[in-house]
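Colleague: Last residue of the sequence shown: 161 (our numbering), numbering continuous.
Backbone N, C-alpha and C fix where the C-beta goes; we use that ideal spot for every residue, glycine too.
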Amino acid sequence: MSDTPLTIENILSPELTLCRIPASSKKRVLEFIAERVNHQDAILSDTQIFNNLISRERLGSTGIGQGIAIPHCRLEGLDHVVGVLMTLEEGVGFDAIDNQPVDLVFALIVPKEATSEHLELLSQLAEKFNDRGFCDQLRQCTDAQALFSRMTDKTG
Numbered sequence: 006m007s008d009t010p011l012t013i014e015n016i017l018s019p020e021l022t023l024c025r026i027p028a029s030s031k032k033r034v035l036e037f038i039a040e041r042v043n044h045q046d047a048i049l050s051d052t053q054i055f056n057n058l059i060s061r062e063r064l065g066s067t068g069i070g071q072g073i074a075i076p077h078c079r080l081e082g083l084d085h086v087v088g089v090l091m092t093l094e095e096g097v098g099f100d101a102i103d104n105q106p107v108d109l110v111f112a113l114i115v116p117k118e119a120t121s122e123h124l125e126l127l128s129q130l131a132e133k134f135n136d137r138g139f140c141d142q143l144r145q146c147t148d149a150q151a152l153f154s155r156m157t158d159k160t161g
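(1) Among the candidates G72, D84, A39, D108, whose CA atom is the shortest distance from the CA of Q182?
(2) My guess is that L109 and M156 are in contact by the Cβ rule of under 8 Å, so how many angstroms apart are they, rounded?
(3) For M6, name the three-state secondary structure that DSSP assigns.
(4) Over what stretch of residues does the beta strand (DSSP E) that includes F111 continue unbroken?
(5) For the alpha helix (DSSP H) containing L49, list its first residue and its last residue.
(6) For D46 and H85, what's the separation of their Cα atoms in angstroms?
(7) First and last residue of the beta strand (DSSP E) that includes C78?
(8) Could you tell me the distance, in whole angstroms, from the CA atom of I75 to the CA atom of L11?
(9) With DSSP collapsed to three states, give me the class of G65.
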C-alpha cells in the first residue's frame, strides 16, 4: 500500500465510472463490476471478484437504502484499493434495508489484508451518499465524465 491517503478521489478512475448501465438484477450488477475491474486490470480475476462480492452479499445486503448500494469485498493478491461507481438505467432489487430498488452503486475492492483505512473509505462513502441532494446530482448525470467529476468534486 502506498502512503497516499485513501480517499474516494484517489481510488476512483474515469474508466471505472459508468453511467446509466442496464442491469436486470443484483447478480448482473455484481458480474458487471467484476468484468469491468478485470477489463481494467487483467491480473485481477473477474470470477474471484464476483465470488467474493457474492460471498459478502450473503452475509447481509450492501444495499444501504435510498436506492444506494456499496458492495465490497477483500481480494487476495491485490495491492491497491479499486473503486467502481455506476448509475443504473433502472433500479434493481438489492435486498436493501428499506426494500427500495438500487440505482446508485459504489463498489469497493480492497486488499485481503485490508486495514481500518478501508473502513474509513466506507465511512466517507456513506457520508457522501447520506446527502440526498448529492445523490440526486449523481443520478442526473448523463455520461461517465460528468458522473466522475461530480463524485470527485471536493467543493461539493
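Modeller: The structure says:
(1) No statement about residue 182 is possible, as the shown extent of the chain runs from 6 to 161 and does not include it.
(2) Not really, about 10 Å apart at Cβ, beyond 8 Å.
(3) In this prediction, M6 has a pLDDT of 43, which is less than 50 and means its spatial position is unreliable; what the coordinates show is noted afterwards. DSSP places M6 in coil when its eight states are reduced to three.
(4) Note, F111: beta strand (DSSP E), 107–116.
(5) Per DSSP, L49 lies in no alpha helix (DSSP H) and is assigned neither H nor E.
(6) Near 12 Å, if we compare the C-alpha coordinates of H85 and D46.
(7) Membership of C78 in the beta strand (DSSP E) is indicated by the continuous run 77–80.
(8) Spanning the two alpha carbons is a distance of roughly 16 Å.
(9) Assigned with DSSP and collapsed to three states, G65 falls in coil, not helix or strand.
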